[in-house]
Amino acid sequence: MLRRALCKLRCVTRPRTTLGNASACVTRRQIVTLAAQRTNTNGVLRVGMSAKAVGSVYAREYAASAAAAVPGKYDWKSVKGFLFDIDGTLVDTDPLHLVAFRDCLKKAGVTIEVDHEFFKENISGRSNPDIARDLLPELTQEEKEKWIVDKEEYFCDLARSQIEPVKGLRELMAWIKSNGVKCAAVTNAPRPNAEMLLGGIGMRDEFDLLVIANEEAANKPHPEPYLAAMRRLGLSAEECCALEDSVPGATAAIAAGVHTIGVLTSQTDAAMKEAGVGQTIGDYHELLDEIESARQE
Numbered sequence: 204m205l206r207r208a209l210c211k212l213r214c215v216t217r218p219r220t221t222l223g224n225a226s227a228c229v230t231r232r233q234i235v236t237l238a239a240q241r242t243n244t245n246g247v248l249r250v251g252m253s254a255k256a257v258g259s260v261y262a263r264e265y266a267a268s269a270a271a272a273v274p275g276k277y278d279w280k281s282v283k284g285f286l287f288d289i290d291g292t293l294v295d296t297d298p299l300h301l302v303a304f305r306d307c308l309k310k311a312g313v314t315i316e317v318d319h320e321f322f323k324e325n326i327s328g329r330s331n332p333d334i335a336r337d338l339l340p341e342l343t344q345e346e347k348e349k350w351i352v353d354k355e356e357y358f359c360d361l362a363r364s365q366i367e368p369v370k371g372l373r374e375l376m377a378w379i380k381s382n383g384v385k386c387a388a389v390t391n392a393p394r395p396n397a398e399m400l401l402g403g404i405g406m407r408d409e410f411d412l413l414v415i416a417n418e419e420a421a422n423k424p425h426p427e428p429y430l431a432a433m434r435r436l437g438l439s440a441e442e443c444c445a446l447e448d449s450v451p452g453a454t455a456a457i458a459a460g461v462h463t464i465g466v467l468t469s470q471t472d473a474a475m476k477e478a479g480v481g482q483t484i485g486d487y488h489e490l491l492d493e494i495e496s497a498r499q500e
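Numbering follows this note's numbering, with no gaps: position 248 of the sequence shown is 451.
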């Protein structure tokens, strides 16, 4: 069974491992990728593909739009809209999510070590239903839904007293408002979770729009959440800039044709550049300095 295979991951390598109909001498990362063989993307079952591979498919399918989001510096004189992810982008919640997933997966009987590497590769930026489907395949749909609710409640309990905005965010939001620029939050998080996080940092009313991916036609890494945000704001991709901390999120924004900046709260610069972001930042002070400098030229 898949869970038993996952539970064997105590070492970096195993002599030979069989999972489904794949048999080889594999690394821990390869076993985890095999464990995520079933990835349902917008209703289409794509067998044998990791979450990263699915993102690559979207990038190819929306190549015409993605071509507009070429790497490089953005023309800050023409920006009319900011599109922010929430978890890890507005609020550095990944350490809390790691704890919540680790403890709740363990409670569900999964004994694989949910460390930072596993979190980055298999959880960060993905939707709860996709994660539950891939990591808890033995549960019924009803059991998966209950597990998600319990995990979200646990995360919210952790987050209420521990969340802070990413450095420089308040100053950037002040600049956005003073310059008449629109902004939206675009997230894979459930609505109660998203509203709690925005409220927790005092920014629930700072956004013109909140787009919840699971209320749209598809979750990230599909571009639909970003396309929906731009439609509702009345802006084109060329007029917007997206901020993302995860590979699936960056893939979604890039496929929508939006210049995308990676916020390095969880992923490495190399990982985000490989995903195709135009640039990366450590915090929003860095971005605001760049914007103000560019607009003074």
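Glycine included, each C-beta is placed from N, C-alpha and C at the ideal position.
Please read these numbers as outputs of a predicted model, since none were measured by experiment.
DSSP bridge partner residues for residue i (one or two, in chain order)
| i | result |
| --- | --- |
| H462 | C444 |
| T390 | I415 |
| G284 | K385 and C443 |
| T483 | G465 |
| P332 | Answer is none; P332 lacks a bridge partner. |
| P368 | V294 |
Separation of residue j from residue i, as counted between CA atoms
| i | j | result |
| --- | --- | --- |
| A280 | E316 | It is worth fixing the name first, because residue 280 is Lys in this sequence and not Ala. Looking at the two C-alpha atoms, the distance is approximately 47 Å. |
| V235 | F322 | Here the model assigns V235 a pLDDT of 31, short of 50, so the residue's position is not dependable and the matter cannot be decided. |
| E447 | G465 | 5 Å |
| V352 | H488 | 35 Å |
| Y357 | S364 | 12 Å |
| E442 | I457 | 14 Å |
| T314 | A303 | 14 Å |
| L491 | E320 | 30 Å |
| D318 | D333 | 19 Å |
| F287 | G403 | 16 Å |
| A478 | D278 | 21 Å |
| I494 | P395 | 32 Å |
| A306 | E348 | According to the sequence provided, residue 306 is Asp. The question's Ala does not apply to it. Going from the Cα of D306 to the Cα of E348 covers about 17 Å. |
Buried versus exposed, by CB contacts within 10 Å (16 or more), residue i
| i | result |
| --- | --- |
| E377 | According to the sequence provided, residue 377 is Ala. The question's Glu does not apply to it. The residue in question, A377, is exposed, as its Cβ has fewer than 16 Cβ neighbours within 10 Å. |
| T296 | buried |
| S449 | buried |
| T471 | exposed |
| G312 | exposed |
| E427 | buried |
| A420 | exposed |
| G452 | buried |
| S327 | buried |
| P393 | buried |
| S469 | buried |
Any non-hydrogen atom of the ligand NAD within 7 Å of residue i CB
| i | result |
| --- | --- |
| A478 | Among the components modelled here there is no ligand, and therefore nothing to report on the ligand NAD. |
Reduced DSSP category for residue i - H, G, I as helix; E, B as strand; rest coil
| i | result |
| --- | --- |
| T292 | coil |
| T454 | helix |
| L438 | coil |
| P426 | coil |
| Q344 | helix |
| Q470 | coil |
| Y277 | coil |
| C214 | Caution applies to C214, whose pLDDT of 29 falls short of 50 and renders its modelled position unreliable; the model cannot decide the point. |
| D492 | helix |
*Between the stretch 290-300 and the stretch 337-348, are three or more C-beta pairs nearer than 8 Å?*
Counting Cβ pairs under 8 Å, fewer than three are found: no touch.
*asked:* For the structure I just gave you, are there three or more beta carbon pairs, one from the stretch 359-370 and one from the stretch 382-390, closer than 8 Å?
replied: Too few Cβ pairs lie closer than 8 Å, so no.
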